[in-house]
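Read the structure below first, then the notes.
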């Protein structure tokens, strides 16, 4: 009975993996296919096994999508700029907010913390209009700052940092303060080294949130000079500059590979932070 249940579990897991991997592999293979002789989708209707096999390789789509002056290339640069700023500044903002909620008592603390929790429970679509109104009043529409500022503070990350700091003995903080260390030195020499794994986790969360964002850029950005990668991909289909599916699929593969390359080396810290959180919980 146990062998049957284990075999069923393995079959289920393999099936789930295939459900996620096959479409991605199909996208990669199709992006390298020549558009001659029936187009990149010639094995799709009716669907044949050849659609999953790389043949008739042509990297023209990648050359077109990364050509100088292309929409995608410029948007890729914009996206990387926004990601770097949000990851660095956002980690600082959420780290300090979580530290303040964990170690300081001030008027309205519980209300502010509850509000920060509500922000990541509310669907983004429900607050996009207030964000757009605020961005317009600050005269930041059609600038990268319109993407950066609303993304820095994250209610989930503030909660995560707060719980992490509450798990550290408070006596450590009090002893350092009694010895004459300032708050800045305490954070820099004690809490920052202890927070390596959770800082990496917060950076991954912020990076993926910005990289995958489409709705906010669609609302606050106007000109192509400020477009980010997801907005450029959605606009490439049917344009004069990118009239075929080859560059679109090539751009999709690039947007998939870059996060994998950047995030994969830090996944061990992500796992470590999850284990630390579960052990403290």
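Numbering (this note's numbering), first residue to last: 2 to 282. The C-beta atom is built at its ideal place from N, Cα and C for all residues, glycine as well.
Residue i vs residue j beta-carbon contact at 8 Å
i: residue 145; j: residue 256; result: no
i: residue 83; j: residue 155; result: no
i: residue 71; j: residue 230; result: no
i: residue 35; j: residue 65; result: no
i: residue 158; j: residue 203; result: yes
i: residue 221; j: residue 148; result: yes
i: residue 286; j: residue 121; result: Outside the displayed range of the chain (2 to 282) lies residue 286, so it cannot be described from this structure.
i: residue 62; j: residue 247; result: yes
i: residue 73; j: residue 233; result: yes
i: residue 250; j: residue 115; result: no
i: residue 209; j: residue 260; result: yes
i: residue 160; j: residue 215; result: no
i: residue 153; j: residue 78; result: no
Limits of the alpha helix (DSSP H) - the one that residue i falls within
i: residue 199; result: 197-212
i: residue 235; result: 230-237
i: residue 169; result: Neither: residue 169 is in no alpha helix (DSSP H) and is coded neither H nor E.
i: residue 62; result: 61-66
i: residue 250; result: 246-264
i: residue 152; result: 146-153
i: residue 109; result: Counting along the chain, residue 109 falls outside any alpha helix (DSSP H), and DSSP gives it neither H nor E.
i: residue 104; result: 72-104
i: residue 142; result: It is not in any alpha helix (DSSP H) - residue 142 carries neither H nor E in the DSSP assignment.
Residue i - DSSP class collapsed to helix/strand/coil
i: residue 241; result: For residue 241, the pLDDT reaches just 47, beneath the cut-off of 50, and the residue's location in the model is therefore unreliable, although a value from the coordinates is still provided. Of the three classes helix, strand and coil, the one that applies to residue 241 here is coil, per DSSP.
i: residue 223; result: coil
i: residue 34; result: strand
i: residue 58; result: strand
i: residue 29; result: helix
i: residue 124; result: coil
i: residue 156; result: helix
i: residue 182; result: coil
i: residue 215; result: coil
i: residue 163; result: helix
i: residue 7; result: helix
i: residue 269; result: helix
Buried/exposed call for residue i, threshold 16 Cβ in 10 Å
i: residue 235; result: exposed
i: residue 151; result: buried
i: residue 192; result: buried
i: residue 224; result: exposed
i: residue 268; result: exposed
i: residue 174; result: buried
i: residue 200; result: buried
Any non-hydrogen atom of the ligand ZN within 7 Å of residue i CB
i: residue 215; result: This structure lacks the ligand ZN; in fact it carries no ligand of any kind.
Touching by the beta-carbon criterion (3+ pairs, under 8 Å), the region 161-176 and the region 91-103: Counting Cβ pairs under 8 Å, three or more are found: they touch.
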